[in-house]
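In numbering that gives the first Met the number 0, the protein residues as written are 0 to 269. Here's the structure, in C-alpha cells; my notes come after.
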Amino acid sequence: MSKLLVKADKGHGRVAHVTPKSAGWTYVGFDLHRLQPGESASGKTQDREICLVFVTGKGTAKAGGKDLGLLGERMSPFEGKPWSVYVPQGSDWSVTADTDLELAVCSAPGLGGGLPVRVIGPDDLGQEVRGKGTNTRYVTNILPEGKPADSLLVVEVITPGGHTSSYPPHKHDQDNLPAESYLEETYYHRLNPPQGFAFQRVYTDADTNGHRALDEAMAIEDGDVVLVPRGYHPCAACHGYDLYYLNVMAGPKRAWKFHNAPEHEWLMKA
C-alpha cells in the first residue's frame, strides 16, 4: 500500500491521525474523530491553529474558554454546507456529540496572529462551480485566503460520479510566489454510496529520461486520507459514486497559487 494512503480505523473515537512527523513534512496535521452520542473529543492547540469541521452530525463545542453551543446540522457530507470552528494557538477545545458525529480537526502552525475563536456557519461559506462537462465539481470554501487565519486553508469539494477533480493536474510545491506557492495538502475522502471507490494519482514531473521521483496511483475508498507532499494530484470518481473530499493545506505563506501540468493545460481552453 502506498505510504501516501492513510486508512481510517473502523469503529469510533479518533480513527485517523496525521501529524507533520508521521507525514514527513512540516506544516499540515489532520485528525478525524467518529463520535457516538455523548462521546467527546478534546485537545490543546499549543503552538498550532486548528479548524474543527463538522463533516456530519451535531455536537456541543467549547473553545478558548467560550461555550459555542450546539453546532452542526447536516447528516451527510453530500448535503448542504458544514459548520466549522476556528481555534487559534494557545487554546483548549472540546466537542461532545449530540448525534453520531464525524469531526475533522485540521491544523497548521500558528504565527501569533492573535485571532479570536470564531464559529463559521453555513451562511458564512461561499460556494462555486468549477470546470465544465465531466470536469464539473462543486466547491465550498471553509477557510479560504480571504478569511482570517495564520496558515490554514480549508475547502471541501463534491465531484459527481464519472467526473474528474483537481484536474487538469496542478501542483503547488514551489515557494516561488507570485507564480506558485508551496503547500502541503491532505485529502479526506467520502463516497456516496459508501461501498464505491475512486482513484487519485500523486506524481511529479518526469526528468529527461522519463523518470518521475514520485508517482503513486491509489484506489480510494470511503474514509481514506491521501497525503500530497508535492506534485500533481488529480482525482477521478467512478460512475455511480459521488466523491466528497475535505482539503487541508498549509505552507510557509498562506497563498494558493498553483501550476498546471503543461502537457494538459490545453484542457483549460478546450
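Just so it is clear, CB atoms sit at the ideal spot from N, CA and C, and this is done for glycine as well.
Does the separation of the CB atoms of residue i and residue j fall below 8 Å?
{"i": "V156", "j": "T185", "result": "no"}
{"i": "R200", "j": "L213", "result": "no"}
{"i": "C237", "j": "G160", "result": "yes"}
{"i": "G28", "j": "F53", "result": "no"}
{"i": "E179", "j": "H258", "result": "yes"}
{"i": "L114", "j": "N140", "result": "no"}
{"i": "A22", "j": "L102", "result": "no"}
{"i": "Y166", "j": "P233", "result": "yes"}
{"i": "Y244", "j": "S150", "result": "no"}
{"i": "T133", "j": "H169", "result": "no"}
{"i": "F198", "j": "A216", "result": "yes"}
{"i": "R189", "j": "S164", "result": "no"}
{"i": "W265", "j": "L152", "result": "no"}
What is the DSSP secondary structure of residue i, counted as helix, strand or coil?
{"i": "H263", "result": "helix"}
{"i": "G23", "result": "coil"}
{"i": "T135", "result": "coil"}
{"i": "G239", "result": "coil"}
{"i": "Q173", "result": "strand"}
{"i": "E142", "result": "Here residue 142 turns out to be Leu, not Glu, going by the sequence shown. Of the three classes helix, strand and coil, the one that applies to L142 here is strand, per DSSP."}
{"i": "G250", "result": "coil"}
{"i": "T158", "result": "strand"}
{"i": "G125", "result": "strand"}
{"i": "R229", "result": "coil"}
{"i": "S180", "result": "strand"}
{"i": "A205", "result": "strand"}
{"i": "L152", "result": "strand"}
{"i": "T18", "result": "coil"}
{"i": "L3", "result": "coil"}
{"i": "H210", "result": "coil"}
What does residue i pair with, by DSSP beta-bridge criteria?
{"i": "A216", "result": "R200"}
{"i": "G12", "result": "R33"}
{"i": "I119", "result": "S83"}
{"i": "S165", "result": "Paired residue(s): none; S165 is not in a bridge."}
{"i": "G28", "result": "S106"}
* At least 3 beta-carbon pairs within less than 8 Å: the stretch 72-83 vs the stretch 8-18 -> no
* Asked: On the three-pair Cβ rule with 8 Å, is the stretch 118-129 touching the stretch 88-95?
  -> no
* **3 or more residues per run - each beta strand (DSSP E) lying fully within the stretch 39-117** => 39-43, 47-55, 58-62, 65-70, 82-86, 91-96, 100-108
* Asked: Do three or more CB pairs link the stretch 53-62 to the stretch 127-146 at distances below 8 Å?
  -> no
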